[in-house]
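K.L.:
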DNA sequence: TTTGATGCATAAAAAAATTATGTATATTTG
DNA sequence: CAAATATACATAATTTTTTTATGCATCAAA
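Residue numbers (the working numbering), protein chains in the order written: chain W, 1 to 114; chain Y, 1 to 114.
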């Protein structure tokens, strides 16, 4: 029973958007499985967080939805809108800045390339 | 007017603990200034987040406090307890795992060294 | 046939910030 | 010297974002 890596709050939307950018369109359950697979089970996207996040991004105009019936089950495929693509770029910059700043804080002696 | 880098929620305690580990003891205001200095103003620790965080970590036994009066003003110096040192190690591992997982997600083609 | 996987969803609660104040002293500036 | 800025602490209300706990339904496997 491996220890669960906790998500830093605020990173979920960035993860979702980046996966959609890479895969074109995905449905909710697929996103949870993809994250689990990529991180080898270390990160777990809970459905209680995922679905409200998807709905909010759709309401904000970042995502478009398309319903599909597969094997008698409903799937809601999400993909980035034009606005969503821009937002993804912006969120990626934020993530990179965060990581860079955190690395500077925890490792002040590290010399960075410019 | 440079854009403010927002903190991912959950990272504040890690930042505080790491700074205390590096500097031995610090007071609240000093922490806000140090973060601002290190990140060249990109990250801003708000007092509304800082002081409750310090109080909670003290209550949890991770920090010890020492009061000082300097130039007529009160300073509350915080330092890590033994338990706090262990917690710092643990939080650093979490941060490194988070960064590694996020980098794997956003850059799946990157080959990592082992 | 019942358990686990697939697939969606929402509500209540907790966690962790932001924003807005408040108090007080010291220093700098016009 | 008055006013603004910096130093230094603190708390309350609100917002954001998550976890935890449910709920419903279909399909595959044991």
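C-beta atoms are modelled at their ideal positions from N, C-alpha and C, and glycine is treated no differently.
Taking 9 Å as the CB-CB cut-off, is residue 62 of chain Y touching chain W?
P.N.:
Working through the second chain from its first residue, we reach residue 62 of chain Y at position 62. It does not; no Cβ of chain W falls within 9 Å.
K.L.:
Which two residues bound the contiguous alpha helix (DSSP H) that contains residue 15 of chain Y?
P.N.:
On the second chain, position 15 is the one that residue 15 of chain Y refers to. Residue 15 of chain Y -> alpha helix (DSSP H) spans 12 to 23.
K.L.:
What residues of chain W sit near residue 15 of chain Y, judged by a beta carbon separation below 7 Å?
P.N.:
Against the second chain, residue 15 of chain Y aligns to sequence position 15. The answer, in chain order, is 105.
K.L.:
Would you kindly check if the distance between the Cβ of residue 95 of chain W and the Cβ of residue 43 of chain Y is under 9 Å?
P.N.:
Against the second chain, residue 43 of chain Y aligns to sequence position 43. Against the first chain, residue 95 of chain W aligns to sequence position 95. No, the Cβ-Cβ distance between residue 43 of chain Y and residue 95 of chain W is not below 9 Å.
K.L.:
Can you give me the C-alpha to C-alpha distance between residue 14 of chain Y and residue 64 of chain W, rounded to a whole angstrom?
P.N.:
The residue labelled residue 14 of chain Y in the question sits at position 14 within the second chain. The residue labelled residue 64 of chain W in the question sits at position 64 within the first chain. Each residue's alpha carbon lies about 37 Å from the other.
K.L.:
Any beta carbon of chain W sitting closer than 9 Å to that of residue 74 of chain Y?
P.N.:
Taking the first residue of the second chain as 1, we reach residue 74 of chain Y at position 74. No - not a single Cβ of chain W is within 9 Å of the one on residue 74 of chain Y.
K.L.:
Grouping DSSP H, G and I as helix and E and B as strand, with all else coil, what is residue 40 of chain W?
P.N.:
Residue 40 of chain W sits at position 40 when you count from the first residue of the first chain. If DSSP states are grouped into helix, strand and coil, residue 40 of chain W belongs with coil.
K.L.:
Quick check: the Cα distance between residue 99 of chain Y and residue 7 of chain Y, rounded to an integer number of angstroms?
P.N.:
Looking up residue 99 of chain Y in the second chain gives position 99. Looking up residue 7 of chain Y in the second chain gives position 7. Computed Cα separation, rounded: 14 Å.
K.L.:
Just to make sure I have the definition right: I need the residues of chain Y whose C-beta is within less than 7 Å of the C-beta of residue 4 of chain W. Which are they?
P.N.:
Reading the first chain from its first residue, position 4 is the one you call residue 4 of chain W. Per Cβ cutoff of 7 Å: no residues; residue 4 of chain W is ~10 Å from chain Y at best.
K.L.:
Below 8 Å on C-beta distance, what does residue 8 of chain Y contact in chain W?
P.N.:
For the purposes of this step, residue 8 of chain Y is identified with residue 8 of the second chain, where counting begins at 1. What residue 8 of chain Y touches in chain W: 8, 9, 10, 11, 98.
K.L.:
At a CB-CB cut-off below 7 Å, which residues of chain W make contact with residue 101 of chain Y?
P.N.:
In the second chain, the residue the question calls residue 101 of chain Y occupies position 101. Within chain W, the residues near residue 101 of chain Y are 5, 39, 42, 43.
K.L.:
Where does residue 8 of chain Y fall in DSSP's three states?
P.N.:
Within the second chain, the letter at position 8 stands for residue 8 of chain Y. In this structure, residue 8 of chain Y counts as coil in the three-state DSSP scheme.
K.L.:
Let me know the secondary structure DSSP gives residue 110 of chain W once reduced to three states.
P.N.:
Mapped onto the first chain, residue 110 of chain W falls at position 110. Three-state DSSP puts residue 110 of chain W in coil, outside helix and strand.
K.L.:
Using a C-beta to C-beta distance shorter than 8 Å, which residues of chain W count as neighbours of residue 92 of chain Y?
P.N.:
Counting from one through the second chain, the residue named residue 92 of chain Y turns up at place 92. Going along chain W in sequence order, the residues near residue 92 of chain Y (Cβ under 8 Å) are 106.
K.L.:
Any beta-carbon of chain W closer than 9 Å to the one on residue 56 of chain Y?
P.N.:
Translated into the one-based positions of the second chain, residue 56 of chain Y becomes position 56. Not closer than 9 Å to any Cβ of chain W, the Cβ of residue 56 of chain Y fails to qualify, so no.
K.L.:
Checking contacts by CB at 9 Å: is residue 86 of chain W closer than that to chain Y?
P.N.:
If you number the first chain from 1, residue 86 of chain W lands on position 86. So no, residue 86 of chain W is outside the interface.
K.L.:
Which runs of the alpha helix (DSSP H) at least 4 residues long sit entirely within the region 43 to 98 of chain W? Give them in chain order.
P.N.:
Complete alpha helix (DSSP H) runs here, min 4: 47 to 59.
K.L.:
Report all residues from its chain with a CB closer than 8 Å to the CB of residue 67 of chain Y; omit the five preceding and five following residues, and keep chain order.
P.N.:
Counting from one through the second chain, the residue named residue 67 of chain Y turns up at place 67. Only 74, 75, 76, 77 meet the Cβ criterion.
K.L.:
Under a three-way DSSP split, which group does residue 29 of chain W fall into?
P.N.:
Position 29 of the first chain holds residue 29 of chain W. In this structure, residue 29 of chain W counts as helix in the three-state DSSP scheme.
K.L.:
Quick one: measure Cβ to Cβ for residue 118 of chain Y and residue 80 of chain Y, integer angstroms, because I've assumed they're closer than 8 Å.
P.N.:
In the structure as shown, chain Y begins at 1 and stops at 114. Residue 118 of chain Y is therefore absent and cannot be evaluated.
K.L.:
Do we get a CB-CB distance below 9 Å when we pair residue 119 of chain W with the residues of chain Y?
P.N.:
Residue 119 of chain W cannot be examined here, being either before or after the span of chain W that is shown, 1 to 114.
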